[in-house]
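Colleague: Counting in this note's numbering, the sequence shown runs without a single skipped number right up to 226 at its last residue. Cβ atoms here follow ideal geometry from the backbone N, Cα and C, with glycine treated the same way. If you're wondering where the values come from, they're calculated on a predicted model, not measured in any experiment.
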Amino acid sequence: MLRILYVVYRASHETAKEALGDKELRAIAHELTKTVKDNMSVDWSKRDSAKAKMRVQVRRLLKKYGYPPDLQKMAVEQVVEQAELMASQQ
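1) Out of curiosity, what's the CA-to-CA distance linking residue 160 and residue 201?
2) Rounded to a whole number of angstroms, what is the C-alpha to C-alpha distance between residue 174 and residue 189?
3) Assuming residue 184 is part of the alpha helix (DSSP H), what are its boundary residues?
4) In angstroms with no decimal places, state the Cα-to-Cα distance between residue 182 and residue 176.
5) Select from 218, 168 and 172 the residue whose C-alpha is nearest the C-alpha of residue 198.
6) Please report the straight-line C-alpha distance between residue 194 and residue 223, rounded to a whole angstrom.
7) What residue does the alpha helix (DSSP H) around residue 85 start on, and which one ends it?
Right, dumping it as structure tokens:
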């Protein structure tokens with residue numbers, strides 16, 4: 137799960153860093169990690185409905201924290217992609 141924290145924190149462009157600050161980005165990363173963990177179930181990465189649910193949860197979380205809308209799509213895709221990689225390694 138630390139990889140998700142790293143990916144989100146690292147993927148946050150300067151725009152997001154300026155708008156939110158490091159402290160807020162860390163809070164987003166921690167909450168995203170919990171959200172991803174909670175939404176991972178057996179073979180979730182093979183089911184489109186489960187991936188869609190995770191995308192919605194991640195998108196809601198980013199919106200809740202005021203993550204810049206123009207960067208949300210990329211951040212959502214990166215988080216889901218990283219979660220899929222982690223699931224394939226377990």
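Modeller: Working from what's here:
1) Taking the first residue of the sequence shown as 1, we reach residue 160 at position 24. Taking the first residue of the sequence shown as 1, we reach residue 201 at position 65. Approximately 8 angstroms, taken between the alpha carbons.
2) Within the sequence shown, the letter at position 38 stands for residue 174. Within the sequence shown, the letter at position 53 stands for residue 189. Those two C-alpha atoms are separated by around 11 angstroms.
3) Taking the first residue of the sequence shown as 1, we reach residue 184 at position 48. That run of the alpha helix (DSSP H) goes 184–200.
4) Position 46 of the sequence shown, counted from the first residue, corresponds to residue 182. Position 40 of the sequence shown, counted from the first residue, corresponds to residue 176. Taking the straight line from one Cα to the other gives about 11 angstroms.
5) Translated into positions along the sequence shown, residue 198 becomes position 62. Comparing Cα-Cα distances from residue 198 to each of 218, 168 and 172, the minimum goes to 168.
6) Along the sequence shown, read from residue 1 onward, the residue named residue 194 stands at position 58. Along the sequence shown, read from residue 1 onward, the residue named residue 223 stands at position 87. Near 17 angstroms, if we compare the C-alpha coordinates of residue 223 and residue 194.
7) The shown model of the chain, from 137 to 226, leaves out residue 85, and the question about it has no answer.
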